[in-house]
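Asker:
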Amino acid sequence: MDAAATGPYPLHRRKTLHLVRHAQGIHNVAREKNNDPLKSYDFFDAQVTPLGWQQVSNLHRHVQACGLSKKIDLVITSPLLRAMQTAVGVFSGEGCTDGIGAPPLMVANAGNSDHPAISSLNCPPFIAVELCRERLGVNPCDKRRSISEYRPLFPAIDFSLAKCR
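The UniProt record's numbering puts the sequence shown at residues 1 to 165.
See below:
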(Lines of atoms letter the chains of each structure in order from A and count residues from 1; the text may use other names and numbers.)
(Lines give C-alpha, C1' and ligand atoms only; values in the text may rest on other atoms or scores of the structure.)
Protein backbone atom coordinates (compact mmCIF):
# COMPACT_ATOMS: atom_id res chain seq x y z
CA MET A 1 0.00 0.00 0.00
CA ASP A 2 1.24 3.51 -0.85
CA ALA A 3 2.44 5.35 2.30
CA ALA A 4 1.44 8.72 0.82
CA ALA A 5 -2.12 7.50 0.40
CA THR A 6 -2.37 6.22 3.96
CA GLY A 7 0.02 8.47 5.91
CA PRO A 8 -1.21 9.80 9.25
CA TYR A 9 -4.50 10.84 7.60
CA PRO A 10 -6.21 9.44 4.51
CA LEU A 11 -6.26 11.76 1.50
CA HIS A 12 -9.98 12.52 1.83
CA ARG A 13 -9.31 13.98 5.31
CA ARG A 14 -6.38 16.20 4.33
CA LYS A 15 -6.53 19.89 3.53
CA THR A 16 -4.20 21.84 1.30
CA LEU A 17 -3.13 25.27 2.48
CA HIS A 18 -2.31 28.02 -0.03
CA LEU A 19 -0.67 31.19 1.26
CA VAL A 20 -1.03 34.44 -0.66
CA ARG A 21 0.71 37.65 0.30
CA HIS A 22 -1.13 40.91 -0.30
CA ALA A 23 -0.83 42.68 -3.63
CA GLN A 24 1.27 45.83 -3.99
CA GLY A 25 0.27 48.43 -1.42
CA ILE A 26 0.88 52.16 -1.44
CA HIS A 27 3.49 51.67 1.30
CA ASN A 28 5.43 49.24 -0.94
CA VAL A 29 5.77 51.92 -3.63
CA ALA A 30 6.99 54.49 -1.07
CA ARG A 31 9.44 52.00 0.44
CA GLU A 32 11.14 51.52 -2.93
CA LYS A 33 12.36 55.12 -2.55
CA ASN A 34 13.39 54.88 1.12
CA ASN A 35 12.18 53.49 4.47
CA ASP A 36 11.24 56.82 6.02
CA PRO A 37 7.72 56.91 4.51
CA LEU A 38 6.81 53.76 6.43
CA LYS A 39 6.90 55.85 9.60
CA SER A 40 4.37 58.30 8.13
CA TYR A 41 0.69 58.09 9.05
CA ASP A 42 -0.03 58.82 5.36
CA PHE A 43 0.40 55.05 4.97
CA PHE A 44 -1.78 54.00 7.92
CA ASP A 45 -3.43 50.67 7.02
CA ALA A 46 -2.11 50.97 3.47
CA GLN A 47 -4.43 50.02 0.62
CA VAL A 48 -3.74 48.23 -2.64
CA THR A 49 -2.40 50.33 -5.55
CA PRO A 50 -3.77 50.24 -9.13
CA LEU A 51 -0.89 47.88 -10.03
CA GLY A 52 -1.84 45.81 -6.98
CA TRP A 53 -5.42 45.51 -8.27
CA GLN A 54 -4.00 44.28 -11.59
CA GLN A 55 -1.98 41.67 -9.67
CA VAL A 56 -5.18 40.66 -7.85
CA SER A 57 -7.05 40.36 -11.16
CA ASN A 58 -4.28 38.24 -12.71
CA LEU A 59 -4.21 35.85 -9.75
CA HIS A 60 -8.03 35.66 -9.72
CA ARG A 61 -8.02 34.62 -13.39
CA HIS A 62 -5.34 31.99 -12.67
CA VAL A 63 -7.25 30.59 -9.65
CA GLN A 64 -10.39 30.32 -11.80
CA ALA A 65 -8.63 28.88 -14.88
CA CYS A 66 -6.75 26.13 -13.04
CA GLY A 67 -9.85 25.01 -11.14
CA LEU A 68 -8.45 25.87 -7.72
CA SER A 69 -11.47 28.05 -6.94
CA LYS A 70 -13.68 24.96 -6.84
CA LYS A 71 -11.47 23.29 -4.21
CA ILE A 72 -11.30 26.11 -1.63
CA ASP A 73 -13.28 25.50 1.57
CA LEU A 74 -12.33 28.66 3.50
CA VAL A 75 -10.38 31.88 2.96
CA ILE A 76 -8.55 33.21 6.01
CA THR A 77 -7.22 36.76 5.78
CA SER A 78 -5.41 39.25 7.92
CA PRO A 79 -7.69 42.11 9.03
CA LEU A 80 -5.51 44.69 7.28
CA LEU A 81 -7.13 46.61 4.42
CA ARG A 82 -4.65 45.52 1.73
CA ALA A 83 -4.87 41.86 2.79
CA MET A 84 -8.68 41.84 2.71
CA GLN A 85 -8.74 43.67 -0.63
CA THR A 86 -6.36 41.05 -2.05
CA ALA A 87 -8.22 38.07 -0.57
CA VAL A 88 -11.68 39.10 -1.76
CA GLY A 89 -10.39 40.05 -5.20
CA VAL A 90 -8.52 36.79 -5.72
CA PHE A 91 -11.00 34.32 -4.22
CA SER A 92 -14.35 35.96 -5.00
CA GLY A 93 -17.04 34.31 -7.08
CA GLU A 94 -19.23 35.99 -9.67
CA GLY A 95 -19.42 39.73 -10.30
CA CYS A 96 -21.64 41.80 -8.01
CA THR A 97 -25.27 41.81 -9.14
CA ASP A 98 -27.90 44.24 -7.91
CA GLY A 99 -31.03 42.69 -6.46
CA ILE A 100 -29.32 39.54 -5.17
CA GLY A 101 -29.71 38.92 -1.44
CA ALA A 102 -26.04 38.00 -0.84
CA PRO A 103 -23.96 40.72 0.85
CA PRO A 104 -20.88 41.87 -1.06
CA LEU A 105 -17.46 40.70 0.07
CA MET A 106 -16.32 44.26 -0.51
CA VAL A 107 -18.40 47.37 -1.22
CA ALA A 108 -17.48 49.67 -4.09
CA ASN A 109 -14.53 52.00 -3.42
CA ALA A 110 -13.59 50.31 -0.10
CA GLY A 111 -10.51 52.05 1.26
CA ASN A 112 -10.67 54.69 -1.50
CA SER A 113 -9.78 51.92 -3.94
CA ASP A 114 -11.86 53.19 -6.87
CA HIS A 115 -12.71 49.49 -7.33
CA PRO A 116 -16.22 48.14 -7.95
CA ALA A 117 -18.04 46.02 -5.39
CA ILE A 118 -17.02 42.36 -5.17
CA SER A 119 -19.73 39.74 -4.77
CA SER A 120 -19.90 36.93 -2.23
CA LEU A 121 -21.86 34.73 -4.65
CA ASN A 122 -20.36 31.32 -5.40
CA CYS A 123 -17.32 31.73 -3.19
CA PRO A 124 -16.12 30.13 0.03
CA PRO A 125 -16.62 31.78 3.41
CA PHE A 126 -14.08 34.43 4.45
CA ILE A 127 -12.81 35.02 7.97
CA ALA A 128 -10.41 37.68 9.25
CA VAL A 129 -7.94 36.40 11.86
CA GLU A 130 -5.84 38.86 13.85
CA LEU A 131 -2.87 36.50 14.20
CA CYS A 132 -2.46 36.32 10.41
CA ARG A 133 -0.85 39.74 10.50
CA GLU A 134 2.83 39.95 9.63
CA ARG A 135 3.60 42.54 12.30
CA LEU A 136 1.26 43.91 14.90
CA GLY A 137 1.49 47.65 14.34
CA VAL A 138 5.21 48.44 14.29
CA ASN A 139 4.81 51.02 11.49
CA PRO A 140 1.63 52.98 10.65
CA CYS A 141 1.22 50.90 7.48
CA ASP A 142 1.01 47.79 9.68
CA LYS A 143 -1.68 49.23 11.93
CA ARG A 144 -5.34 48.79 11.09
CA ARG A 145 -8.68 50.47 11.46
CA SER A 146 -11.19 49.18 13.97
CA ILE A 147 -13.35 46.21 13.04
CA SER A 148 -16.41 48.45 13.33
CA GLU A 149 -15.00 50.50 10.40
CA TYR A 150 -14.29 47.35 8.34
CA ARG A 151 -17.67 45.63 8.76
CA PRO A 152 -19.56 48.01 6.42
CA LEU A 153 -16.72 47.83 3.85
CA PHE A 154 -16.48 44.01 3.88
CA PRO A 155 -20.00 42.84 4.86
CA ALA A 156 -19.52 39.13 4.03
CA ILE A 157 -16.26 38.70 5.98
CA ASP A 158 -16.57 37.11 9.41
CA PHE A 159 -14.63 39.25 11.91
CA SER A 160 -15.32 37.08 14.97
CA LEU A 161 -11.64 36.07 15.25
CA ALA A 162 -10.29 39.59 14.86
CA LYS A 163 -9.99 41.34 18.19
CA CYS A 164 -12.16 44.42 18.35
CA ARG A 165 -10.55 47.77 18.96
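Ideal placement from N, C-alpha and C gives every residue a C-beta, glycine not left out.
Name, in chain order, the residues that DSSP records as bridge partners for residue 129.
Answerer: Residue 129 pairs with 161.
Asker: Helix or strand or just coil, what does DSSP make of residue 26?
Answerer: Residue state, collapsed to three classes: helix.
Asker: Give a yes or no on contact between the region 70 to 90 and the region 137 to 146, applying the rule of three or more CB pairs nearer than 8 Å.
Answerer: With the cut-off at 8 Å, the region 70 to 90 and the region 137 to 146 touch.
Asker: Have a look at residue 56 and residue 108 and give me their C-alpha separation to the nearest angstrom.
Answerer: Roughly 16 Å separates the two Cα atoms.
Asker: Using only the alpha-carbon positions, how far apart do residue 62 and residue 44 sit?
Answerer: Cα-Cα distance, rounded: 30 Å.
Asker: Check whether the Cβ atoms of residue 104 and residue 155 lie closer than 8 Å to each other.
Answerer: It is a contact, given that the beta carbons lie within the stated cut-off.
Asker: Between residue 157 and residue 127, is the Cβ-Cβ spacing less than 8 Å?
Answerer: Yes.
Asker: Tell me the rounded alpha-carbon separation between residue 11 and residue 67.
Answerer: C-alpha separation (whole angstroms): 19 Å.
Asker: With distance defined between alpha-carbon atoms, name the residue in 76, 70, 110, 16 nearest to residue 53.
Answerer: For residue 53, the nearest C-alpha among the options comes from 110.
Asker: Mapping the DSSP letters down to three states, classify residue 75 as helix, strand or coil.
Answerer: In the structure shown, residue 75 sits in a strand (DSSP, three-state: E or B).
Asker: With the cut-off set at 8 Å, would you say residue 69 and residue 133 are in Cβ contact?
Answerer: Contact: no.
Asker: Got a sec? Which residues, its chain only, sit under 8 Å from residue 160 by beta carbon, not counting five neighbours each side?
Answerer: Excluding positions up to five away in sequence, the list reads 127.
Asker: To the nearest angstrom, report how far apart residue 29 and residue 9 are at their CA atoms.
Answerer: Going from the Cα of residue 29 to the Cα of residue 9 covers about 44 Å.
Asker: Can you give the Cα-Cα distance for residue 165 and residue 91, rounded to whole angstroms?
Answerer: Low confidence applies here, because residue 165 scores a pLDDT of 49, under 50, leaving its location unreliable and the question unanswered by this model.
Asker: In this structure, does DSSP put residue 63 in helix, strand or coil?
Answerer: DSSP places residue 63 in helix when its eight states are reduced to three.
Asker: May I ask you to report which of helix, strand or coil DSSP gives residue 90?
Answerer: Correct three-state label for residue 90: helix.
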